[in-house]
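Participant: Protein chains in written order, with my numbering: chain L, 312 to 747; chain E, 312 to 747.
The beta carbon of each residue, even a glycine, is placed where N, CA and C say it ideally should be.
Bear in mind that the values here come from a model prediction, so they are computed numbers and not experimental data.
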């Protein structure tokens, strides 16, 4: 039984859109210049967002700590000492020129959830921990979910030295610059025994909810993602002086590669595969010089692990053939590779029960994007709840979710948390009786 | 008759490779960081190269002036006052990460030519002017031959405001920053009556001379060049969340455009057409965002003016169809458009005569690249002389011509200048007798 003050009946209020709007607005101000929000992984701006979150949680009576990876964890104690925690959270960093909801909505949902519990004077049996993960976006270092992977103990120390941003700064150097210790970060993962369950609210970044009219979407599957970097080296020379047949044009080879990836992912045998060249740069990048060197990324996603890896192999094979024909040298590096994940049913069912309790239309769906939930799920049973994205847009300044839609998500999340608190308490009691 | 001191027999020495090597080496040091030489049009570095050239010419007894466009002109007086000048020259700016010979070889050839005349104590009938043109390379502002076009009165004032570099600086602003006045530059072209003939020595930037074993190449035709800038706007969104069929990927559209241009220029009906996308940039340029905006250049060259324009029209038409199919918005702007040019035979014949006199193997050939000679030829009869480029490479750090090969070019150039001085003097005498 969830306990209210003096054991009076506890009435949980509804999440308020204006609270959510205010918090999202304050966070959006912490951005580099240019369109949308740019608050990169392991940057000073990201730390300022974490500090703001920490302040909010502290004001709500939580104790706040930062782990070695830079994840900020706010704890609201449970009624029964020694129980593992219920976790709720997402991330506060963004891509270049991204939106104000990706990740942020899930952290703000956690703050609003604690506010609702505090206003109702409700204490859960389990401790509740609201988490802001560090460095979820792969935009800066090419690897997604850095903070949650470190929490899950999935990142070897040397990887932090090997991942670099556009300016050549390694992830470990970036960590040191903001006062984090990469050695500790790689060594000190979270203790699985300390966590009972984890829930992440996130914007969908697709159109399924919008098209189906559902308000929330418990996620059953998260796509895997294989990320490669390609370097093509041709022969730069004068555009006027060099006949077409004598050329080794690195950009023409890269153009073929872009279309090879697109064509393969669009064919009938790859329904569900998504392949994208999102980043590309040309050297010397002059109107009158045939491109000598082109560097680009490839991101291949799938909900089928085998099809994901087959697609990568096939694209690389075709690109190699193109480069041989064009006398262009090819170098391919694996930046990151994660498999698709099936999310555990029993945690997801708590979200479904919450939606039913509130009569909120829901739809179970898959996620094309990877999320911190995927990493945490490797050691704590985890659920992921989507709220709608307008026009499916994400990673762009126009990314939008109505604040009332986030609030509805918080309400469902709150019921799920309370439901899990109750059901886990009951099963722990049964377990402890069985131990006697 | 060419006059030596005290009318003693005049013996012209041979150009010396070590002089040429020294001058080219000194100029190559005036470069931005990074590979090769970067000394952009209308930059302070370019002005320093002009100042070094001015110093050399001044040391050789020439009077040096700078015109409103920033072209530096060194004059060695002729024996007969009032005659129009014989001009010799090229440019001192470079592309990004270019070589040390493109343009520079022709200016250094002019310096060495004056040294040869001075050492022989030889004075021409006509004044000899060695010119270092400003801003020949289109790499910075997208338009080639800025200094020589201004000298030829071919550039309207507003164009100087409209052309901008990567950082958004207009050409007129760049001119002001280095102390030039764009108003005067556009208004004050050279006086055609002041010039009798012009000769430019330049590296070939192709392999024709190397393959044929010729030491020098008088040019009969210069390709035209049409330069366009394309902006494609698609819909940026999350690479994981967006199905392949829902995409408006600006980079995939641009990749098709790159291959459309290459395919068209390589087909049987376009032998001689050269089409290149040399510059391309992607926004937001993130691994996990579908490209929303891609900007790129297209350079189409041909020795046939009609085929050049037909190729451009056909490429743009096919690219428009691609963009319609892909729901990508297309904006195309014309940056520059010059027609192919036939160089006047009688000036070229002086170069051929010079090569024959010295028993230097020559080959008449066309030029794929545009040159200052093309602009000056619009108002002064002009010739262009190529020296070999190793492997045909140009606009790259590996661009190379042996210093002895440049020296051979100077020797041929010197004979051509002396020959023209004599033949023009003779015809001017005939003309003045006829006037009597």
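Would you say residue 553/E reaches chain L, if we count a Cβ-Cβ gap shorter than 8 angstroms as a contact?
Facilitator: yes
Participant: For residue 652/E and residue 533/E, I'd like the C-alpha separation in whole angstroms.
Facilitator: 5 angstroms
Participant: DSSP three-state call for residue 620/E: helix, strand or coil?
Facilitator: helix
Participant: Spell out a yes or no on whether the stretch 619-637 of chain L and the stretch 581-597 of chain E are touching, meaning 3 or more CB-CB pairs, one atom from each, closer than 8 angstroms.
Facilitator: Because the criterion of three Cβ pairs below 8 angstroms is not met, the stretch 619-637 of chain L and the stretch 581-597 of chain E do not touch.
Participant: Quick one: using the 10 Å Cβ neighbour count with 16 as the cut-off for buried, is residue 657/E buried or exposed?
Facilitator: exposed
Participant: Please confirm if residue 476/L has its CB atom under 8 angstroms from at least one CB of chain E.
Facilitator: Chain E contact via Cβ: absent.
Participant: Shortest alpha-carbon distance to residue 367/L belongs to which of 613/L, 418/L, 636/L and 699/L?
Facilitator: The option with the nearest alpha carbon to residue 367/L is 418/L.
Participant: For a contact meaning CB atoms closer than 9 angstroms, what does residue 353/L contact in chain E?
Facilitator: Simply none; closest approach about 16 angstroms.
Participant: Tell whether a beta-carbon distance below 8 angstroms holds between residue 380/L and residue 496/L.
Facilitator: yes
Participant: Buried or exposed: which applies to residue 403/E, given that a residue is buried once 16 or more other Cβ atoms fall within 10 Å of its Cβ?
Facilitator: buried
Participant: Could you check if residue 376/E is buried or exposed, using at least 16 other CB atoms within 10 Å of its CB as the buried criterion?
Facilitator: exposed
Participant: Buried or exposed for residue 422/L, please, with buried defined as at least 16 other CB atoms from any protein chain shown within 10 angstroms of its CB.
Facilitator: buried
Participant: What are the complete alpha helix (DSSP H) segments, minimum 4 residues, inside the stretch 342-413 of chain L?
Facilitator: 355-370
Participant: In terms of residues, what are the limits of the beta strand (DSSP E) holding residue 677/E?
Facilitator: 676-678
Participant: Could one say the Cβ of residue 312/L lies closer than 8 angstroms to chain E's Cβ atoms, at least one of them?
Facilitator: Confidence at residue 312/L is low in this model, with a pLDDT of 46, below 50, so the placement of that residue should be treated as unreliable; the coordinate-derived value is given next. So, not an interface residue.
Participant: Between residue 747/L and chain E, is any beta-carbon pair separated by less than 8 angstroms?
Facilitator: Only weak support is given to the placement of residue 747/L: the predicted model assigns it a pLDDT of 48, under 50, and the value that follows is read from those uncertain coordinates. False, the Cβ-Cβ gap to chain E never drops below 8 angstroms.
Participant: Residue 415/L touches chain E at which residues, Cβ-Cβ below 9 angstroms?
Facilitator: The contacting residues do not exist; residue 415/L stays about 15 angstroms from chain E at best.
Participant: Our contact map puts residue 697/E next to residue 515/E with C-beta atoms below 8 angstroms; I'd like the distance itself, whole angstroms only.
Facilitator: Indeed, because the Cβ distance is near 4 angstroms, the residues count as touching under 8 angstroms.
Participant: Residue 667/L: buried (16+ other C-beta within 10 angstroms of its C-beta) or exposed?
Facilitator: Exposed: under 16 other Cβ atoms inside 10 Å.
Participant: Between residue 547/L and chain E, is there a C-beta pair that is closer than 8 angstroms?
Facilitator: yes
Participant: Please name the residue, chosen from 583/E, 604/E and 530/E, that lies closest to residue 660/E on a Cα-to-Cα basis.
Facilitator: 530/E
Participant: Alpha carbon to alpha carbon, how far is residue 644/L from residue 414/E?
Facilitator: When the Cα atoms are used, residue 644/L and residue 414/E turn out to be separated by approximately 39 angstroms.
Participant: Would you say residue 516/L reaches chain E, if we count a Cβ-Cβ gap shorter than 8 angstroms as a contact?
Facilitator: yes
Participant: Is residue 688/E helix, strand or coil when you go by DSSP?
Facilitator: Look at residue 688/E here: in three-state DSSP terms it is coil, with no helix or strand label.
Participant: Tell me, please, whether the stretch 433-441 of chain L touches the stretch 381-401 of chain L by the rule of three or more beta-carbon pairs shorter than 8 angstroms.
Facilitator: yes
Participant: Find the nearest neighbour of residue 523/L within the set 343/L, 486/L, 400/L and 674/L, judged by alpha-carbon distance.
Facilitator: Residue 674/L holds the alpha-carbon nearest to the alpha-carbon of residue 523/L among 343/L, 486/L, 400/L and 674/L.
Participant: Please say whether residue 354/L and residue 348/L have beta carbons closer to each other than 8 angstroms?
Facilitator: no
Participant: In angstroms, rounded to a whole number, what distance separates the CA positions of residue 664/L and residue 695/L?
Facilitator: 14 angstroms
Participant: Residue 610/L versus chain E: which residues are under 9 angstroms apart at the beta carbon?
Facilitator: 550, 551, 598 and 599
Participant: Taking only beta-carbon positions, decide if residue 344/L is within less than 8 angstroms of chain E.
Facilitator: no
Participant: Residues of chain L with a CB under 7 angstroms from the CB of residue 750/E: which are they?
Facilitator: In the structure as shown, chain E starts at 312 and stops at 747, and residue 750/E therefore has no counterpart that could be examined.
Participant: In the structure shown, what three-state DSSP assignment does residue 436/E receive?
Facilitator: Residue state, collapsed to three classes: coil.
Participant: Helix, strand or coil, according to DSSP, for residue 543/L in the structure here?
Facilitator: strand
Participant: I'd like to check one pair, residue 598/E with residue 450/L: are the Cβ atoms closer than 8 angstroms?
Facilitator: yes
Participant: Do you know how far the Cα of residue 606/E is from the Cα of residue 541/E?
Facilitator: 6 angstroms
Participant: Verify the CB distance criterion: does residue 604/E have a CB-CB separation below 8 angstroms to chain L?
Facilitator: no
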